[in-house]
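Beneath this line is the structure, given in structure tokens, with notes to follow.
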Amino acid sequence: MAGALATPVNLGPERVTLSEELLHVLTSGDAVRFNELLSSSGGQLSNGHVTVNVGVGPTATTASSSCQLLGVSSNGNTALHLAASRGHAELAALICERAPSLVATRNRCLDTPLHCAAKAGSRDVAAALLARMRGAGAGADEEMALRARNRTGATALYEAVRHGRAPVVDLLMAAAPEMASLPTHDGFSPLYLAASIDELDMVRALLRPSQDGTPSPASFSGPEGRTALHVAATSTKEIAEEILSWEPVGPSLLTEVDSSGRTPLQYAVLYGSSHVVQLFLDGRTSEQLRIPDNHGLFPVHTAAMVGRSRVIDELTKRCPDYYELVDDGGRNLLHCAVQHDMAKVVRHICQNDKLEMLLNATDAEGNTPLHLAAKHGFPRIVSLLLQKTSVETGITNKDGLTAADLCRRAIAPRSLHYFLVTYLPRRLVIVL
Numbered sequence: 009m010a011g012a013l014a015t016p017v018n019l020g021p022e023r024v025t026l027s028e029e030l031l032h033v034l035t036s037g038d039a040v041r042f043n044e045l046l047s048s049s050g051g052q053l054s055n056g057h058v059t060v061n062v063g064v065g066p067t068a069t070t071a072s073s074s075c076q077l078l079g080v081s082s083n084g085n086t087a088l089h090l091a092a093s094r095g096h097a098e099l100a101a102l103i104c105e106r107a108p109s110l111v112a113t114r115n116r117c118l119d120t121p122l123h124c125a126a127k128a129g130s131r132d133v134a135a136a137l138l139a140r141m142r143g144a145g146a147g148a149d150e151e152m153a154l155r156a157r158n159r160t161g162a163t164a165l166y167e168a169v170r171h172g173r174a175p176v177v178d179l180l181m182a183a184a185p186e187m188a189s190l191p192t193h194d195g196f197s198p199l200y201l202a203a204s205i206d207e208l209d210m211v212r213a214l215l216r217p218s219q220d221g222t223p224s225p226a227s228f229s230g231p232e233g234r235t236a237l238h239v240a241a242t243s244t245k246e247i248a249e250e251i252l253s254w255e256p257v258g259p260s261l262l263t264e265v266d267s268s269g270r271t272p273l274q275y276a277v278l279y280g281s282s283h284v285v286q287l288f289l290d291g292r293t294s295e296q297l298r299i300p301d302n303h304g305l306f307p308v309h310t311a312a313m314v315g316r317s318r319v320i321d322e323l324t325k326r327c328p329d330y331y332e333l334v335d336d337g338g339r340n341l342l343h344c345a346v347q348h349d350m351a352k353v354v355r356h357i358c359q360n361d362k363l364e365m366l367l368n369a370t371d372a373e374g375n376t377p378l379h380l381a382a383k384h385g386f387p388r389i390v391s392l393l394l395q396k397t398s399v400e401t402g403i404t405n406k407d408g409l410t411a412a413d414l415c416r417r418a419i420a421p422r423s424l425h426y427f428l429v430t431y432l433p434r435r436l437v438i439v440l
């Protein structure tokens with residue numbers, strides 16, 4: 009045991025610095041001069057295999073002519089990182105040929121050369137790297153590098169999506185589709201990111217089945233339990249359609265809930281277009297209509313709270329027991345509309361005889377919609393409700409109070425503002 013401890017751990021060769029001349033060649037992409045430099049040094053690079061460990065080992069020294077290609081820049085970038093970052097495909101191919109194991113090295117940011125090519129959007133460099141990583145002689149190191157995450161937790165594919173490099177995304181999905189299954193440490197998948205930035209072509213590439221018909225292995229995960237369909241609900245109908253058509257996973261995402269209990273339909277009602285709402289409602293499941301969030305709010309409640317009358321019509325049409333859907337406080341969709349001062353929704357409900365059963369329903373505290381309108385001081389809504397002869401003004405809540413009683417309790421001392429609502433043959437005076 010003592011002997012093992014006394015043996016120094018091999019953390020790779022002595023860290024050397026790329027020469028200024030080689031740095032100039034790598035940044036300019038001069039392949040002819042690159043070959044001249046290596047020829048003058050004999051071109052022997054320890055059989056082409058090396059493990060470069062950035063940030064460890066002895067202090068950097070100037071590279072000897074025999075191993076200058078294996079040096080690193082001040083930020084830990086190898087020659088292959090530098091060529092890949094600048095899109096020098098010919099140079100990258102030459103480096104891969106002379107020092108193939110450089111494809112698996114990382115810089116201080118834990119980027120592999122493939123990360124650099126993805127960020128730069130160089131499809132040709134990425135193709136050269138993939139040929140080495142997936143070609144004959146490739147081993148475990150190359151396979152690990154293909155799936156590697158950098159310091160931000162991103163794979164090369166994720167970086168390609170983040171930087172809007174559609175050709176690189178297309179290439180990576182054709183050569184290594186398994187990369188789409190790897191989210192960041194924070195749970196962001198490439199698909200979620202592509203949907204969130206409205207990149208339809210990338211979404212299509214990420215979801216495209218392989219040539220043999222195997223479905224895409226893409227992860228749909230996002231932060232806080234959201235899926236790619238949640239974010240697509242706030243994006244475009246075309247992106248939502250692409251995700252829904254992803255078999256067999258897409259349709260099942262309609263009933264997935266995030267950490268707040270919301271389905272993609274809830275997001276569409278809150279933030280999306282009516283076209284996306286309609287798309288989701290035309291899906292294969294009606295279960296999504298009856299999935300409440302963590303506060304007991306159903307999609308129809310959400311629609312009422314944000315004033316989307318047409319959406320309410322669609323939801324109630326497809327959910328005939330809508331009047332039985334109440335939140336944790338026992339409130340129906342009309343209660344919710346009143347609480348959020350959505351007069352146009354209240355008017356819409358009052359004008360629709362099919363929704364009349366909502367008018368006198370009571371919540372867990374025994375309050376009708378009229379109680380809530382009076383309690384919160386919404387005279388316009390009170391007026392709309394009292395224009396319906398079927399609205400009962402004498403209903404008392406659990407405290408034995410009518411809507412008029414709640415008005416009196418809400419009166420500010422010596423208030424000079426009076427609101428008189430008259431609808432013959434009834435008269436209700438409310439002081440606000």
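Numbering (the numbering used here), first residue to last: 9 to 440. Note that the Cβ used here is the ideal one computed from N, Cα and C, for glycine as well. Just so we're clear, the structure is a prediction, and the values are computed from it rather than from any experiment.
C-alpha of Ala92 to C-alpha of Ile251: approximately 32 Å in a straight line. Bridge partners of Ser229 according to DSSP: Thr235. The beta carbon of Gln296 sits closer than 6 Å to those of Leu262, Thr263, Thr271, Leu273, all from its chain and outside the five residues before and after it, given in chain order. As for any alpha helix (DSSP H) of minimum length 4 sitting wholly inside the region 183-227, the runs are 198-204, 208-215, ordered along the chain.
A Cβ-Cβ contact shorter than 8 Å links Leu323 with Val308. Judged by beta-carbon spacing, Arg142 lies within the 8 Å limit of Ala183, meaning their Cβ atoms are closer than that value. For the options Leu305, Arg106, Leu102, Val24, the alpha carbon positioned closest to that of Gly84 is the one of Val24. Here Ser229 is not near Ser253, since their CB atoms are 8 Å or more apart.
The shortest CA-to-CA distance from His123 to any of Glu105, Val33, Gly147, Gly95 is the one to Gly95. By the Cβ-count criterion, His303 is exposed, with fewer than 16 other Cβ atoms from all chains shown falling within 10 Å of its own Cβ. Taken through DSSP and simplified to helix, strand or coil, Val169 comes out as helix. CA-CA distance, Arg234 to Asp206, rounds to 16 Å. In this structure, the alpha-carbon of Arg157 lies about 24 Å from that of Val239.
No Cβ-Cβ contact shorter than 8 Å links Thr163 with Arg173. Using a Cβ distance threshold of 8 Å, Asp371 and Gly338 count as a contacting pair. Ala153 is the residue among Asp38, Leu179, Ala153, Val40 whose C-alpha sits nearest the C-alpha of Leu110.
Membership of Gln286 in the alpha helix (DSSP H) is indicated by the continuous run 282-289. At least 8 Å separates the beta-carbon of Val314 from that of Leu363.
When only Cα atoms are considered, Val399 and Asn368 end up about 6 Å apart. Within the model, the alpha-carbon separation for Arg318 versus Asp413 is close to 34 Å.
Exclusion of the five residues before and after Arg140 leaves Cys104, Pro108, Val111 as the residues of its chain whose Cβ lies within less than 6 Å of its Cβ. In this structure, DSSP gives Val334 a state outside helix and strand, which the three-state scheme calls coil. Under the three-state reduction of DSSP, Val40 is assigned to helix. Its Cα nearest to that of Asp407, the residue Gly374 stands out among Gly374, Ala146, Ser224.
Around the beta carbon of Val40, a 10 Å sphere encloses fewer than 16 other beta carbons of the protein chains shown; the residue is thus reported as exposed. The beta carbon of Lys245 is closer than 8 Å to those of Ser281, His283, Val284, Leu287 in its chain, skipping five residues each way along the sequence. No Cβ-Cβ contact shorter than 8 Å links Val176 with Gly221. With a threshold of 16 other beta carbon atoms within 10 Å, Asp266 meets it and is buried. Looking at Tyr200, Pro231, Cys358, the one whose alpha-carbon comes closest to that of Ile247 is Tyr200. Apart from sequence neighbours up to five positions away, the residues of its chain that approach Ala312 with a beta-carbon distance below 8 Å are Ile320, Leu341, Leu342, Cys344, Ala345, His348, Met350, Val353, ordered along the chain. Going by beta carbons, Ala213 and Asp178 fall inside the 8 Å limit. Residues Thr192, His193 of the same chain have their beta carbon placed closer than 6 Å to that of Gly161, with the five preceding and five following residues left out of the count. In this model, Pro217 and Asn115 are separated by some 33 Å (Cα to Cα).
If the five residues before and after Phe42 are omitted, its C-beta is found closer than 7 Å to the C-beta atoms of Val33, Leu99, Leu102, all from its own chain and listed in chain order. The alpha-carbon of Glu332 is positioned some 53 Å away from that of Ala126. The three-state reading of DSSP puts Val257 in coil, since its state is none of H, G, I, E or B.
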